[in-house]
Amino acid sequence: MPYEKWGGKTVAVTGGTGFIGSHFVEELLGRGATVLCLHRQDRHGVLPQLPRTGRLRPITVDVTDESAVGAVFRSGGIDAVIHCAATTGTFEVRRNQPAHILEANMRATTIVLDQARRHDVQDVVLLSSSDIYLAPTTDPISEKDDYRTSMHYSPDGYYLSKLYTEMLAEANRQEYGSNIFLPRATSVYGPRDNFGSDIPRVVPQMLDQVHSGGEIEVWGDGSQTRTYMYVTDMVRAVLTMVEKNKHHVFNIGTSETVSVLDLARLVFAVLGKPERVKFDLSRPTGRLSRTLDLSRMHEILDTPPRPLREGIQQTAEWYLRHRVGTMTVT
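Letter by letter, the sequence shown follows residues 29 to 358 of the numbering used here.
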């Protein structure tokens with residue numbers, strides 16, 4: 029049974045009060061693990077939302093502080109690390125402060141990976157991203173496609189730090205035989221996302237705008253297509269990846285593509301609000317489309333990711349219950 033992998037084990041989750049990290053904490057606690065929830069701060073009050081159990085051990089630490097992180101690992105008994113902590117920012121911040129973001133994320137990843145190796149941690153998960161695939165293609169992108177052939181400098185420190193993560197993981201596997209997993213995830217959404225944050229993300233920003241009675245601003249004409257995965261499905265896919273220990277590089281996403289315009293319409297429909305969409309043709313739209321080859325994921329998963337409408341509905345229910353205290357979802 030896969031839960032036996034985690035029952036009685038100690039797992040350190042960096043960024044444990046963040047959006048994705050908190051869902052790893054929650055899922056691992058449900059599977060019987062003791063979880064060290066490493067976090068620098070809990071700005072959004074996530075800790076009180078997590079299960080109340082003695083197996084949850086919150087630890088306030090800056091993962092760019094080598095001495096502090098080393099002290100956590102020296103406490104002993106860590107069986108696995110899931111590294112979710114990352115410095116990011118708005119579109120403008122990512123473009124204007126690439127050195128700051130790149131340096132912070134490189135330092136954190138280097139420290140976590142080094143401490144895991146020094147203290148014989150069995151499994152290490154470094155969250156990568158499907159954003160590393162830059163080559164224009166209409167075909168589904170496989171893990172075997174060499175992202176390095178299209179690698180170039182971009183004034184985006186977050187993107188550059190993901191490239192660094194990939195290369196550092198590969199080097200550590202080659203030199204030390206480290207058991208490192210690199211899930212390359214598509215866009216993720218769900219409860220505890222960055223609602224009301226100064227770091228805009230598509231789904232929470234749309235929910236905020238529609239619930240407040242405003243309009244959704246779509247960059248470009250809205251025809252660009254994306255895939256979005258519910259956060260719990262993504263977390264379970266990553267844990268299954270570690271349990272099966274078959275593929276160490278792994279695309280994670282869904283085969284359900286949606287245009288940004290249709291996503292906006294779905295949010296209006298779920299919240300029962302009339303459609304009000306504004307197009308800003310002066311803003312960058314990014315790539316028109318990107319599809320991942322999910323063969324490896326489907327090979328090991330027993331349950332497919334939930335449909336987008338179901339996930340948006342569940343996210344909206346959480347949003348209304350926790351953020352605004354109402355409960356009316358159509």
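Glycine included, C-beta positions come from ideal geometry on N, C-alpha and C.
For this session: Please state whether DSSP places Pro-79 in a helix, a strand or coil.
Result: coil
Exercise. What number of angstroms, rounded off, separates the C-alpha of Gln-150 from the C-alpha of Pro-302?
Worked result: 52 Å
Problem set entry | Element boundaries [alpha helix (DSSP H), containing Glu-271] | Element bounds for Glu-271: 259-272.
Exercise. Which stretch, first to last residue, makes up the alpha helix (DSSP H) that contains Asp-124?
Worked result: What sits at residue 124 in the sequence shown is Asn, not Asp. Element bounds for Asn-124: 119-124.
For this session: Would you kindly report the start and end of the unbroken alpha helix (DSSP H) that includes Val-149?
Result: No alpha helix (DSSP H) holds Val-149; DSSP gives it neither H nor E.
Problem set entry | Exposed unless 16 or more other CB atoms sit within 10 angstroms - verdict on Trp-34 | buried
Problem set entry | Other residues of its chain near Gly-242: CB distance less than 8 Å, five sequence neighbours each side excluded | Arg-304
For this session: Can you check the stretch 33-65 for any alpha helix (DSSP H) of at least 4 residues that lies completely inside it and give the ranges in chain order?
Result: DSSP runs (the alpha helix (DSSP H)) wholly in the stretch 33-65: 47-58.
Problem set entry | Pair within 8 Å by beta-carbon distance, Val-238 and Val-295 | yes
Exercise. By DSSP, does Leu-320 sit in helix, in strand, or in coil?
Worked result: strand
Exercise. What does Thr-285 pair with, by DSSP beta-bridge criteria?
Worked result: Bridge partners of Thr-285: Thr-255.
Problem set entry | Beta bridge counterpart(s) of Ala-99 as assigned by DSSP | Answer is none; Ala-99 lacks a bridge partner.
Exercise. Would you call Thr-45 buried or exposed, if buried means 16 or more other Cβ atoms sit within 10 Å of its Cβ?
Worked result: buried
Problem set entry | Thr-38 to Val-100 span [Cα, whole Å] | 12 Å
Exercise. How many angstroms separate the CA atom of Asn-10 from the CA atom of Gln-233?
Worked result: With the chain represented from 29 up to 358, any question about residue 10 goes unanswered, as that position is not in the structure.
Exercise. Using 8 Å as the threshold, is the stretch 335-344 in touch with the stretch 264-278, meaning 3 or more CB pairs across them?
Worked result: Result no; under three Cβ-Cβ pairs closer than 8 Å.
For this session: Determine the contact status of Tyr-204 and Arg-135, defining contact as a CB-CB distance below 8 Å.
Result: No, they are not a contact pair.
For this session: Out of Val-288, Thr-268, Tyr-256 and Ala-292, point me to the one whose CA is closest to Gly-281's CA.
Result: Of the candidates Val-288, Thr-268, Tyr-256 and Ala-292, the one whose C-alpha sits nearest the C-alpha of Gly-281 is Tyr-256.
For this session: Please go through the same chain and pick out, in chain order, the residues whose beta-carbon is closer than 6 Å to the beta-carbon of Leu-64, but skip the five residues on each side of it.
Result: Ala-40, Arg-85 and Ile-87
Exercise. Under 8 Å, do Asp-221 and Phe-47 count as touching if we go by C-beta distance?
Worked result: yes
Exercise. Given Ile-2, which residues of its chain have a CB within under 6 Å of its CB, disregarding the five upstream and five downstream residues?
Worked result: Residue 2 falls outside the range modelled here, since the chain spans only 29 to 358, and no answer is possible.
For this session: Counting only the same chain and skipping the five closest in sequence on each side, list residues whose C-beta sits under 7 Å from that of Gln-143.
Result: Val-97, Gly-98 and Phe-101
Exercise. Alpha carbon to alpha carbon, how far is Glu-194 from His-67?
Worked result: 23 Å
Problem set entry | Limits of the unbroken beta strand (DSSP E) element including Ser-215 | For Ser-215, the enclosing beta strand (DSSP E) starts and ends at 215-217.
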